[in-house]
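Residue numbers (the working numbering): 115 to 296.
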């Protein structure tokens, strides 16, 4: 994990330097975890984080791959304690956590962030893989990007967006929902 986070941090620093502004990060699953950690490490570089099916607690403990870690002799309780310790460092960046009770990869309860004050949880109907391809999720992402940009009017909307995993870049073309359609 540290190597992945190091790569994300390098990219984050490069983007903010090149564009002269904070970035918005959309991360899917592990990518969302990395996005959160990047925002925790460098809130001065991150304008907003949106996660899709991202475990906030337990790391892989509450995912379908937990058994693989256990087979390798990795103590899931140690990982969970490390993540809980990290979660004690507050995130000051606005977070939107999109999750689904239909997610068969990450337990939906693990996606609920009880540590961050500026977090919005949004439940959708999608599988874990479906989160990254759902038009409804794209609409939510577009709306939340616009809403945070409006709330923090000192920074331009949609100037920079990066993804830490496979979250589609097409989100920028998704229509923005109006309040009556939410």
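C-beta atoms are modelled at their ideal positions from N, C-alpha and C, and glycine is treated no differently.
Spatial neighbours of residue 148 in its own chain (CB-CB distance under 7 Å, excluding positions within 5 residues in sequence) are listed in chain order as 118, 119, 122, 141 and 278. Residue state for residue 153 is assigned as helix, using DSSP reduced to three classes. In the three-state reduction of the DSSP assignment, residue 146 falls in the helix class, which pools H, G and I. Cβ atoms of residue 233 and residue 261 stay farther apart than 8 Å, at about 14 Å. Buried is the label assigned to residue 174, since at least 16 other Cβ atoms lie within 10 Å of its Cβ.
Residue 181 and residue 237 have their alpha carbons spaced roughly 26 Å apart. Of the other Cβ atoms in all chains shown, 16 or more fall within 10 Å of the Cβ of residue 248; this residue is therefore buried. When the Cα atoms are used, residue 137 and residue 228 turn out to be separated by approximately 24 Å.
A straight line joining the alpha-carbon of residue 208 with that of residue 151 spans about 13 Å.
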